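This report concerns only the one structure given below.
In the numbering used here, the protein residues as written are 2 to 447.
Structure below.
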């Protein structure tokens, strides 16, 4: 077994990366640990380019019960089943951090698999980001990293770098902030907190940025020593004839259509017209180029008008909120509570159900074994965006958005001693034209 080991100290503990031939069929891999928490991160890139108009990246966080030294599962099934919410959320943290640093024109499958080897007192999600960064950056996969991560907690008046599970449960913990970034910039934030001031949030981010830069320098040293040459990838260029045809046929009515008022009907109509014209005039060109150019031009126009003229497509000012509507209760006497919240074209319905203490959810996964007395669940049916799609099942997006709203609601719930009941709120996104997760916070509050 050939190994090369690197280490640095972060908040009094050793952050260690071991590169070996343990997973040598992958494009890149690393065994990374912090304290007693250890992960294996492996990266693979497909060899065959795929058709399609999206970048095919997947991030999987694989829980292993042995990592916690436990035999878990049901009476009859003593092995890991479907991903837990916690593993999905950890994978989403990694995904949202690394995805913007890829060229979005890549059409080769890229998969990052994070396997928990051992679990100590430190949450593996921050470690997973650093491990994914090192595995990608030292591999031949084209990627514009590295990127680093840190968790900041505020316990009383003291800020703590990478607080442990026990510290995060303390009543005095008012802020828990996970930040990821590179080169002095932050590109992913997750926060759980009580009601705090802007000053506290700013101090937490400032401290996070300082720690991130230290880890960045460590990663850069590793990459300079053992990084592989990157697989060549040249992004396809939009043909000049596509740009010329757009300027000739669509440009004259483009701004007027984009800024014609709320809703997407006018824009969608113009896009359909553009698709018809482009197919007729340039049948030999891939349709993906037409769609891409249309979206690029919309993005440029909206940003330019907002920055230079303080103008939005729906004619609102930059400091103006969409029309609001709120209704608490009144849907059915069967429901224990309900809320309806509108913000412009975003419409969310939330339903509340109360149960006894025995109705609390039993949580048993690699990280914890406990009971949960408050649950917020989120659904996003395809009709909420006027589209068709598969119904049922649970997507990673639904888990992530549900938890995002749940974190906002937990700090303002009554204590278990005051209100011992089990609370479940389900938020349904029935129409979407903006942030339905934040709409869910509002509807659930009602």
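C-beta atoms are modelled at their ideal positions from N, C-alpha and C, and glycine is treated no differently.
All of these numbers come straight from a predicted model, not from anything done at the bench.
Rounded to whole angstroms, how far is the Cβ of residue 180 from the Cβ of residue 153, which I believe are closer than 8 Å? As a first step, residue 180 is located in the chain shown; it is residue number 179 there, counting from the start. As a first step, residue 153 is located in the chain shown; it is residue number 152 there, counting from the start. Correct: roughly 7 Å between the Cβ atoms.
Inspect the beta-carbon positions of residue 230 and residue 286 and report whether they are closer than 8 Å. Walking along the chain shown from the start, residue 230 turns up at place 229. Walking along the chain shown from the start, residue 286 turns up at place 285. Contact: no.
Ignoring anything shorter than 3 residues or poking outside the stretch 46–119, list the beta strand (DSSP E) runs there in chain order. 58–63 and 111–119
Rounded to whole angstroms, what's the CA-CA distance from residue 427 to residue 379? Just pull it up for me. Within the chain shown, numbered from 1, the residue matching residue 427 stands at position 426. Within the chain shown, numbered from 1, the residue matching residue 379 stands at position 378. When rounded, the distance between both Cα atoms is 6 Å.
Alpha carbon to alpha carbon, how far is residue 26 from residue 143? Give it in angstroms, no decimals. As a position in the chain shown, residue 143 is number 142, starting the count at 1. As a position in the chain shown, residue 26 is number 25, starting the count at 1. Going by the C-alpha atoms only, they are around 18 Å apart.
Report the partner residues of residue 423 according to the DSSP bridge assignment. Taking the chain shown and counting its residues from 1, one reaches residue 423 at position 422. DSSP, once it has assigned bridges, lists 356 as partnering residue 423.
For residue 304, count the other beta carbons within 10 Å of its own beta carbon; 16 or more makes it buried, fewer makes it exposed. Which is it? Counting from one through the chain shown, the residue named residue 304 turns up at place 303. Residue 304 comes out exposed.
Pick from 139, 275, 101 and 56 that is closest to residue 43, judged by C-alpha positions: On the chain shown, position 42 is the one that residue 43 refers to. Ranking 139, 275, 101 and 56 by Cα distance to residue 43 puts 139 first.
How would you label residue 280, buried or exposed, when you count the other beta carbons within 10 angstroms and need 16 or more for buried? Counting from one through the chain shown, the residue named residue 280 turns up at place 279. It is exposed - the Cβ of residue 280 has fewer than 16 other Cβ atoms within 10 Å.
Tell me the rounded alpha-carbon separation between residue 247 and residue 155. By one-based count along the chain shown, residue 247 stands at place 246. By one-based count along the chain shown, residue 155 stands at place 154. Distance between the alpha carbons of residue 247 and residue 155 is about 53 Å.
Best match in 195, 191, 184 and 149 for proximity to residue 171 [C-alpha to C-alpha]: Residue numbering aside, residue 171 sits at position 170 when the chain shown is read from its first letter. Cα-wise, what sits closest to residue 171 is 195.
Please list, in chain order, all residues of the same chain as residue 299 whose beta carbon is under 8 Å from its beta carbon, the five residues on each side excluded. Within the chain shown, numbered from 1, the residue matching residue 299 stands at position 298. Within the same chain, residue 299 has close Cβ partners 259 and 268.
Do you know offhand how far residue 332's Cα is from residue 216's? Translated into the one-based positions of the chain shown, residue 332 becomes position 331. Translated into the one-based positions of the chain shown, residue 216 becomes position 215. For residue 332 and residue 216, the distance between alpha carbons rounds to 53 Å.
Using beta-carbon positions only, say whether residue 94 and residue 191 come within less than 8 Å of one another. Counted from its first residue, the chain shown places residue 94 at position 93. Counted from its first residue, the chain shown places residue 191 at position 190. Yes.
Boundaries (first-last residue) of the alpha helix (DSSP H) holding residue 271: Locating residue 271 in the chain shown gives position 270, where the first residue counts as 1. Taken as a continuous stretch (DSSP letters only), the alpha helix (DSSP H) holding residue 271 covers 266–282.
With a cut-off of 8 Å on the beta carbons, I'd call residue 263 and residue 387 a contact; round off their distance for me. In the chain shown, the residue the question calls residue 263 occupies position 262. In the chain shown, the residue the question calls residue 387 occupies position 386. Actually they are not in contact, since the Cβ atoms of residue 263 and residue 387 sit about 14 Å apart, beyond 8 Å.
Using a Cβ-Cβ cutoff of less than 7 Å, which residues in the same chain neighbour residue 444 once the five nearest sequence positions on both sides are dropped? The residue labelled residue 444 in the question sits at position 443 within the chain shown. Closer than 7 Å at the Cβ level, and outside the excluded window around residue 444, lie 340, 341, 342, 349, 350, 351 and 428.
With three or more C-beta pairs closer than 8 Å as the rule, is the stretch 114–121 touching the stretch 21–40? yes
Inter-residue spacing [alpha-carbon to alpha-carbon] between residue 212 and residue 185: Position 211 of the chain shown, counted from the first residue, corresponds to residue 212. Position 184 of the chain shown, counted from the first residue, corresponds to residue 185. Whole-angstrom Cα-Cα distance: 10 Å.
Skipping 5 residues on each side, what residues in its chain have a beta carbon closer than 7 Å to that of residue 81? Start at 1 with the first residue of the chain shown, and residue 81 comes out as number 80. 64, 65 and 66.
For residue 97 and residue 189, which I take to be in contact (beta-carbon distance under 8 Å), what is that distance rounded to the nearest angstrom? If you number the chain shown from 1, residue 97 lands on position 96. If you number the chain shown from 1, residue 189 lands on position 188. That belief holds up - the Cβ atoms of residue 97 and residue 189 are roughly 5 Å apart, short of 8 Å.
What are the residues that DSSP puts in a beta bridge with residue 194? Here the question's residue 194 lines up with position 193 in the chain shown. In DSSP, residue 194 forms a bridge with 176.
Between which two residues does the beta strand (DSSP E) containing residue 20 stretch? For the purposes of this step, residue 20 is taken as the residue at position 19 of the chain shown. 14–21 is the extent of the beta strand (DSSP E) around residue 20.
Same chain only: Cβ atoms within 6 Å of residue 17, ignoring 5 sequence neighbours per side: Taking the first residue of the chain shown as 1, we reach residue 17 at position 16. So the list reads 8 and 34, once near-sequence residues are dropped.
Can you check which of these residues, 19, 2, 61 and 86, is closest to residue 403 by C-alpha distance? For the purposes of this step, residue 403 is identified with residue 402 of the chain shown, where counting begins at 1. Cα-wise, what sits closest to residue 403 is 86.
What span of residues does the alpha helix (DSSP H) with residue 170 cover, start to end? Residue mapping note: residue 170 aligns to position 169 of the chain shown, counting from 1. Looking at the DSSP string, residue 170 is not in any alpha helix (DSSP H), and its letter there is neither H nor E.
Just reading off the alpha helix (DSSP H) that residue 378 is part of, what are its end residues? In the chain shown, the residue the question calls residue 378 occupies position 377. Segment 375–380 is the beta strand (DSSP E) holding residue 378; no alpha helix (DSSP H) there.
With 16 other Cβ atoms within 10 Å as the buried cut-off, status of residue 209: The sequence position of residue 209 within the chain shown is 208, counting from 1. It counts as buried.
Let me know if residue 310 comes out buried or exposed under the rule of 16 or more other beta-carbons within 10 Å of its beta-carbon. If you number the chain shown from 1, residue 310 lands on position 309. Classification for residue 310: exposed.
Between which residues of its own chain and residue 420 is the CB-CB distance below 8 Å, once the five residues before and five after are set aside? The residue labelled residue 420 in the question sits at position 419 within the chain shown. So the list reads 414, once near-sequence residues are dropped.
Between the beta-carbon of residue 57 and the beta-carbon of residue 108, is there less than 8 Å? Start at 1 with the first residue of the chain shown, and residue 57 comes out as number 56. Start at 1 with the first residue of the chain shown, and residue 108 comes out as number 107. Cβ atoms of residue 57 and residue 108: closer than 8 Å.
Quick check on the DSSP output: the beta strand (DSSP E) that includes residue 293 runs from which residue to which? The sequence position of residue 293 within the chain shown is 292, counting from 1. From DSSP, residue 293 is part of no beta strand (DSSP E) but of the alpha helix (DSSP H) over 288–310.
Work out the CA separation of residue 423 and residue 358 for me, nearest whole Å. For the purposes of this step, residue 358 is taken as residue 357 along the chain shown, with counting starting at 1. For the purposes of this step, residue 423 is taken as residue 422 along the chain shown, with counting starting at 1. So the two alpha carbons sit approximately 6 Å from each other.
From which residue to which residue does the beta strand (DSSP E) around residue 161 run? Here residue 161 refers to the residue found at position 160 when the chain shown is read from its first residue. Looking at the DSSP string, the run of the beta strand (DSSP E) that includes residue 161 is 159–162.
How big is the Cα-Cα spacing for residue 317 and residue 307? Within the chain shown, numbered from 1, the residue matching residue 317 stands at position 316. Within the chain shown, numbered from 1, the residue matching residue 307 stands at position 306. Distance between the alpha carbons of residue 317 and residue 307 is about 11 Å.
If distances are taken between C-alpha atoms only, which option among 328, 83, 193 and 162 comes closest to residue 11? Residue numbering aside, residue 11 sits at position 10 when the chain shown is read from its first letter. The candidate whose alpha carbon is nearest that of residue 11 is 162.
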